[in-house]
Structure formats: C-alpha cells, structure tokens
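Heads up, the thing below is written out as structure tokens.
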Amino acid sequence: MTAALRFDPIRLPEKCEQLRKEVRAFLAEEIAAGTFDPHKPNREDTDAPEFSRRVGAKGWLGMTWPKKYGGQERSFLERYVVTEEMRVANAPTRRFFVADRQSGPVLLKYAPEHIKMEILPRICRGEICFAIGMSEPNSGSDLFAAKTRATKTDGGYLINGTKIWTSSAHIADYMIAIFRTSQPTKENRRHGLTQFLVKMKQPGIKVNPIGQITGQYEFNEVVFTDFFVPEDHVLGEVDGAWKQATSELAYERSGPERFLETYYVLTELVRAVGPNPDTRSAEGIGRLVAQLHTMRRMSVSVAGMLAAGKEPVVEASIVKDIGTVWEQQLPHRVRDLAAFVEETATNRETLERQLDFAIKTAPKLTIQGGTTEVLRGIIARGLGLR
Amino acid sequence: MAESDNIVVETAEKIFADLADPQTINNDKTNSWQAPLWQALSEAGLPLSWVPDDLGGSGASLADGFALLNAAGRFAVAVPLAETMLAGWLLAQAKIASPEREMTVLPASPKDRITIDADGALSGRSRGVPFAKAAKHFAVLAHGKDGVSIALVDASKARIESGLNVGYDHSDTVTLDKVQPVTIKAAPDGVDQTNLMLMGGVARSLQIAGALESMLDISVRYSNERVAFEKKISKFQAVQHNLARLAGESAAALAAATSAADAIANAKSFNDEVYLEAASAKIRCAEAAEKGGGIAHQVHGAIGFTMEHILHRYSLRALAWRDDFGSESHWAVELGKLVANRGADELWPLVASR
Numbered sequence: 001m002t003a004a005l006r007f008d009p010i011r012l013p014e015k016c017e018q019l020r021k022e023v024r025a026f027l028a029e030e031i032a033a034g035t036f037d038p039h040k041p042n043r044e045d046t047d048a049p050e051f052s053r054r055v056g057a058k059g060w061l062g063m064t065w066p067k068k069y070g071g072q073e074r075s076f077l078e079r080y081v082v083t084e085e086m087r088v089a090n091a092p093t094r095r096f097f098v099a100d101r102q103s104g105p106v107l108l109k110y111a112p113e114h115i116k117m118e119i120l121p122r123i124c125r126g127e128i129c130f131a132i133g134m135s136e137p138n139s140g141s142d143l144f145a146a147k148t149r150a151t152k153t154d155g156g157y158l159i160n161g162t163k164i165w166t167s168s169a170h171i172a173d174y175m176i177a178i179f180r181t182s183q184p185t186k187e188n189r190r191h192g193l194t195q196f197l198v199k200m201k202q203p204g205i206k207v208n209p210i211g212q213i214t215g216q217y218e219f220n221e222v223v224f225t226d227f228f229v230p231e232d233h234v235l236g237e238v239d240g241a242w243k244q245a246t247s248e249l250a251y252e253r254s255g256p257e258r259f260l261e262t263y264y265v266l267t268e269l270v271r272a273v274g275p276n277p278d279t280r281s282a283e284g285i286g287r288l289v290a291q292l293h294t295m296r297r298m299s300v301s302v303a304g305m306l307a308a309g310k311e312p313v314v315e316a317s318i319v320k321d322i323g324t325v326w327e328q329q330l331p332h333r334v335r336d337l338a339a340f341v342e343e344t345a346t347n348r349e350t351l352e353r354q355l356d357f358a359i360k361t362a363p364k365l366t367i368q369g370g371t372t373e374v375l376r377g378i379i380a381r382g383l384g385l386r
Numbered sequence: 387m388a389e390s391d392n393i394v395v396e397t398a399e400k401i402f403a404d405l406a407d408p409q410t411i412n413n414d415k416t417n418s419w420q421a422p423l424w425q426a427l428s429e430a431g432l433p434l435s436w437v438p439d440d441l442g443g444s445g446a447s448l449a450d451g452f453a454l455l456n457a458a459g460r461f462a463v464a465v466p467l468a469e470t471m472l473a474g475w476l477l478a479q480a481k482i483a484s485p486e487r488e489m490t491v492l493p494a495s496p497k498d499r500i501t502i503d504a505d506g507a508l509s510g511r512s513r514g515v516p517f518a519k520a521a522k523h524f525a526v527l528a529h530g531k532d533g534v535s536i537a538l539v540d541a542s543k544a545r546i547e548s549g550l551n552v553g554y555d556h557s558d559t560v561t562l563d564k565v566q567p568v569t570i571k572a573a574p575d576g577v578d579q580t581n582l583m584l585m586g587g588v589a590r591s592l593q594i595a596g597a598l599e600s601m602l603d604i605s606v607r608y609s610n611e612r613v614a615f616e617k618k619i620s621k622f623q624a625v626q627h628n629l630a631r632l633a634g635e636s637a638a639a640l641a642a643a644t645s646a647a648d649a650i651a652n653a654k655s656f657n658d659e660v661y662l663e664a665a666s667a668k669i670r671c672a673e674a675a676e677k678g679g680g681i682a683h684q685v686h687g688a689i690g691f692t693m694e695h696i697l698h699r700y701s702l703r704a705l706a707w708r709d710d711f712g713s714e715s716h717w718a719v720e721l722g723k724l725v726a727n728r729g730a731d732e733l734w735p736l737v738a739s740r
C-alpha cells in the first residue's frame, strides 16, 4: 500500500537548467522594461496580453504539445521549469496559464481535429485566454452536483444555468465547462455530465464580476440563457465527463503554482532580515526553506510521474494538500518573524505591503482547485479507507 | 531507491522479517533476539556496507546503504546498524580498516568536540552517543592543531555513562580522557564535523521516514479492524482525514530523506546544495515524526499507548532519532543562517538548483 506513495528523487535534466537561464533572462528583460513589478503581487495590471504574446513567441506555451498544433514537443519537466520561474517572479500569467496547463491538454485529448487545428496554435501564440467552468452555486468541490443543463437541440445543445467562481471569465475567449446532459443514475451519481468547449463573448452568456477580499476582481458568475453550443464542441464522451475531469486534476493539483502563490513574502523576509540574522529569524527561515524544498522535491517527483505517462492522482492530492496548507500559513509565519525586523530595513515597506496582500490571499489557497477536505477524501480512498 | 530490485535491501528485509519482527521483539522482554539478529546482519556484511572490500567491508554503494537504512527504519531496528555503518564510512574516509563487531560514531552532536593532544591522545566528551554501551569500537572525528583527523578508538578505553533516549535505546555520554587511539589519520578534504553531522542526519532521516511508513501501515490496518459506535473507525471522515494527513507526513519525510540520500550519493562534495538537502531532510523528517506520530497514536487510541502494542517501537524511536547528529532546531538555525548569508535573491536559485 505504501508502495503507491513513493516520491522518487527525480532531478531535472540538464536541458531544463539551460531553459531556466533563458526564462530568467527573459523575465529580467520584461521587468527592466516595466512590464511588471516582481515585488508587487497585488498589481492591477495582471491581464497582460502583450506579455502573453511574447511568452508565446518564446515557444513557452503548449511546450509539450505536437508541433502540428503549434507546440514544441518538449518535455513536461521543461514546462515545469517555465511555470515555476514565472510564478516566483510574480509574472502576469493570468491570461495564458489556464489554457497552457489544463484547457489545451483537454482539447488535445478530446476535441475534433478541426478544432484542435483552429484553437491550439492560438493558445501557443499567447493570443487567447481560457476559463474553466466547473463550480456552480451550491456545487463547489462537489463536481457531481452540477445542475447547469445542456439540452439537445438541432445541431447542438442549448445551455441554461449558472457557473460561479470562474476565474478570468471576464477576459476569457473560451471556457471548457461541464454541463448536465442527463440525470445521474442510482448506480453512478457521477453519470450524466458532459464536457463542452464554449466560445465566450456571445449573446446568451452574461459575465458578472465578483469582488474578492483581496480587493481584486478575478472571480465571476457566468449565466447561460438558451446559449447554443454546436455538436462538434462536445469534448469526449457524452455523460462521461467525470472520468475526464478527474484525470485533468492531477495536472492542476501538483504543480509549483500550488505552493508558491505567497512565496514572495519569504524572499522579502530574507531581504529584510539581512545577512546576519538573530537565532529566532534564522530558525524560522530555516524551517520554512526546509519545508519549501521538501514540497518542491515532491512536486518535481509528481511532474516526473506525469511525464512518464502515469496518473498520480493520490500523490498529486498529497502535494496540493501539504502545499496549499503551507502557502496559506506562510504569510502568518513571515508576519511572526517580521515583528523583529529592524525599522531601518530598506525593504520594510515592500514587506509590509506584501504581507497585507498575502494575508488577504491566504484563505482562498486551500479552497481553489479542490478543497483540503476533498483532497483528504481522495487520499483516504487511495489508502483503501473508502 | 526502489526496494524491490535492490539486493542489499532484499537481503536486509528478509533478515529483519525473520529475526527482528517488531511484534516478536516486543513480546520478548529479555533482548535474546539481539545476538542472532546482529550475527545474521554481520554475516550478510550489512553493518559494513559503506566500507570498501580492501578495508574489510562489503563495499555497497552509498545509495544502497541509504536504502538499507530506510528499510531498517520500517522495522524500527534497535541494534547499532546505522551507527556501525556511519562509523565504517567515517573510518573509510581516512582509509582506516574497520574491525568486526558493533561500532558507533562520535561526536554525535554538533556542539560536542573531541580534541587531539600534543602526544596524539584524544580528549573530550560527546553526549547522546547512540549505542555507545554496545559498541566495541568508536569511529571518532577529532580536532588537532593540524586540522581534522579520524581515529579508531577501543571503546573499553573510554568512560561511558549510560543513558536511554525516549525510544528506550541506549544514548550514552562518552568521555575520552587522554585516550590513545588504535589508529589515527588525517581526514581528507571535505570531511569535517559538519559533514559528519549531515551524513548522520540523513541516516536518521531515512530511519524516521521508514518508521512513519510503518506507522501509516499499521494505523490504516487498525482503523479497518477497530469498531466503535457500530462502525469500523476507518469509515469516520474525521479518522480518514487524520490518516490522509499521516500519509502526507510520511510521504514528505520519505521524499525529503530519499532526495537528500540521492544528493549525497551523487555529489562530489558537501556543497551548499547538498547542505540544503541534508539539513532540510532532518528538519522535515523531525517535524513529520512529531505530527505523524501524534496522528498514529490518535488513531490507535489507548491500545497504542500500551507497552504491549508495537506502535511505540516506531513512534518513540522516530521521536528519539530527531535528537541525534543535530536536532531539527539546530539545523533550522544553521540553514537559516546559510540562506540569509547568501541573500534574498539567491534563495530561489538555491531551492531550484535541486
């Protein structure tokens, strides 16, 4: 049983290190050009279409996809390096990240050829933005409670209902969403959901912004009223989306973005503490670095499993559980230690501003992408407890 | 470090299963199991895994030896296997041949120091030396005016004050008072007290990770047997979530420990990256021992608090192993200093170098 929970010490291959240098150099140029401020995670300019296109031009979107769709046929581990460098630099990835991580791979697997040819190269060029329509009012992590209906009509489906907590829906060109095509059966409550490709910015879709406690607007409510989706926009098996959606989640749950969202406060704490820390600061930093290092090793290990074609659902859930609890606690631990930072620390104001934002961000981290409780249920299932 | 295709680990697991089954040992109040276990391990050449053939050992790779220690942790083995392996490794660094029988290594704490007098005799004290009482020889790292040396010392020449760690294993204070070593040679470059502590810390990390794997196993099994409130307790969501957290702690410990072992096995020197790996492993595994062990006891309820049950063999030993070769708070301070000294902009490059 425990054999299933081994995280082999996979090392990133040499070509990843070369790529890492290229990404760092690119980001340094962008920072120098004023595209974004790496010390300011709470910027208002997170939607950066030109930056997206430049990342696409570098060949860093759809990196693992076939060349005929605009991809680079590079390894999953190379993509991993790009993701973590973007995250650590606080780069404005909102416009392309979801498409690159999740939506593109879903299209690759389930979309008809002509749709792949039409959409995937545009993702690779950084031209289009995706949203994910899973949650609904009263069905957050409980995917199978989704009620928004897709009713068969001539040449396609009519959609009625509401998606919620949909990040980036206000700027998205497309959404990959699950809708109810039939009722769940007694034997299988997961039955009856179908995945669809939805073209946004059309009549029949209304996007209502929802303010977040950070002061930002990223979430939305998306209301569908007799919205038409053509037949060829069905992705995969009708009524069988649950299988597709759950394998998709291993990608969403184990990546570096799942423990680095509040990482910037740690760097800034080290800066504020300076080269000769007192014992309390040193110990606090040492523990946080040890924990971070361990999670990253686990995350790289899962990336290696994904690259090898495995489906490490339980391992990915463990990384997300530990990772998101850690990134949620991190701002609070840093705040503890920052109480002793000298008044004269040159970056004191930056650290305080970052802490303010990170502390407001923290509550969502164990909710998004599957709540802690849901993840622990998945792990428990993997242990044979249910 | 997969155990299935590793002959060293396979051999060890068979010996442990036959002669060191935790339930059998726990039922035996006399320690009569120790001699046959040690004999079987010695005949298989396992205590001197890290000693090359020409120095009297079996010449296994560092990686195989670390995997063996992980397996020893899974059985909570309470004989000086890790200690003899570390001693043999240290002696081999100075090309000193290893004698037969049990050994241990000193100093066992970063704060203690053994010094070399003008006439080559060794003096100093080391506390918390695991299995000193059982050892026939000590491998000693000592400081003299010409730098660091490695010595083989006859244990009967030392003063040993017996002590027990929280896992009921011997953890003794060893005092050397002008003791002439059997052999003493200069340590090669790169072998110093810090690196000996890191090596010992990684050994302990693998043992802790192994103990956590077993704690997870027996806790899951127990939760599927024990009925309370007319249900198996494994069916209660609160219990499931606790066990999921235990699985996470066990996985984190194993990931940190195997990554550090892999780093040491493949590194040319104890550089900053290896330091990050080894120190992190000790810190994270110690945290996991505390959190994970707590959950294992919670799942077992009162029965796990009894001497009759085997849980304590793992839980208390994992807690005890935190203290050897530098506690997690020691390494956290040192790692924190290293990170602060390198500066904020070097933190991510250090983490991402692994």
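Residue numbers (this note's numbering), protein chains in the order written: chain A, 1 to 386; chain B, 387 to 740.
Where is the CB? At the ideal position from N, CA and C, for every residue including glycine.
Do residue i and residue j have their C-beta atoms within less than 8 Å of each other?
i: A/Val98; j: A/Leu235; result: no
i: B/Arg728; j: B/Leu721; result: no
i: B/Ile594; j: B/Trp707; result: yes
i: A/Gly156; j: A/Phe219; result: no
i: A/Gln328; j: A/Leu351; result: no
i: A/Ile159; j: A/Phe76; result: no
i: A/Cys129; j: A/Glu78; result: no
i: A/Gln244; j: A/Pro41; result: no
i: A/Gly59; j: A/Tyr69; result: no
i: A/Leu12; j: A/Val81; result: yes
i: B/Leu455; j: B/Leu640; result: no
i: B/Phe461; j: B/Phe517; result: no
i: B/Glu488; j: B/Ala520; result: yes
i: A/Thr294; j: B/Arg670; result: yes
In angstroms, rounded to a whole number, what distance separates the CA positions of residue i and residue j?
i: A/Thr371; j: A/Leu27; result: 32 Å
i: B/Ala573; j: B/Tyr661; result: 19 Å
i: B/Trp424; j: A/Gln368; result: 52 Å
i: B/Asp603; j: B/Ala682; result: 10 Å
i: A/Ile171; j: A/Glu349; result: 32 Å
i: A/Trp326; j: A/Phe259; result: 7 Å
i: A/Thr178; j: A/Ala380; result: This sequence places Ile at residue 178 of chain A; Thr is not what is there. Answer to the nearest angstrom: the Cα atoms are 26 Å apart.
i: A/Tyr174; j: A/Asp142; result: 23 Å
i: B/Ala672; j: B/Ala421; result: 30 Å
i: B/Arg699; j: B/His556; result: 14 Å
i: B/Ala647; j: B/Glu663; result: 8 Å
i: A/Thr262; j: A/Glu283; result: 20 Å
i: B/Ile619; j: B/Gly687; result: 11 Å
i: B/Gly549; j: B/Val560; result: 10 Å
Using 10 angstroms around the beta-carbon of residue i, count the other beta-carbons present and answer buried if the total reaches 16, otherwise exposed.
i: B/Val613; result: exposed
i: A/Pro203; result: exposed
i: B/Thr501; result: exposed
i: A/Phe340; result: exposed
i: B/Asp575; result: exposed
i: B/Met693; result: exposed
i: B/Gln623; result: exposed
i: A/Ala33; result: exposed
i: B/Gly533; result: exposed
According to DSSP, which residues form a beta bridge with residue i?
i: A/Phe7; result: According to DSSP, which records beta bridges pairwise, A/Phe7 is partnered with nothing at all.
i: A/Glu231; result: Bridge partners of A/Glu231: none, in fact.
i: B/Ile411; result: Partner(s): none; B/Ile411 has no beta bridge.
i: A/Gln195; result: A/Ile178, A/Leu235
i: B/Gly533; result: B/Gly530
i: B/Val515; result: B/Asp558
For a contact meaning CB atoms closer than 7 Å, what does residue i contact in chain B?
i: A/Asp37; result: Here the premise fails: no neighbours, minimum Cβ distance about 15 Å.
Closer than 7 Å by beta-carbon distance: list the chain A residues that pair up with residue i, in chain order.
i: B/Val685; result: Under the 7 Å cutoff, chain A gives no residues; its nearest Cβ is about 11 Å from B/Val685.
So which residues of chain B does residue i contact, with C-beta pairs closer than 8 Å?
i: A/Leu292; result: Val737
i: A/Pro277; result: Gly722, Lys723, Ala726
i: A/Met298; result: Ala637, Ala638, Ala641
i: A/Val270; result: Val725, Ala726, Gly729, Ala730, Leu733
Which residues in chain C sit within 9 Å of residue i, going by Cβ to Cβ distance?
i: A/Asp321; result: The displayed structure is made up of protein chains A and B, and chain C is not among them.
Mind listing the chain B neighbours of residue i? Cutoff is C-beta to C-beta under 9 Å, in chain order.
i: A/Thr267; result: Ala730, Asp731, Leu733, Trp734
Which chain A residues are close to residue i, counting only those with a beta carbon under 8 Å from its beta carbon?
i: B/Trp717; result: Gly286, Ala290
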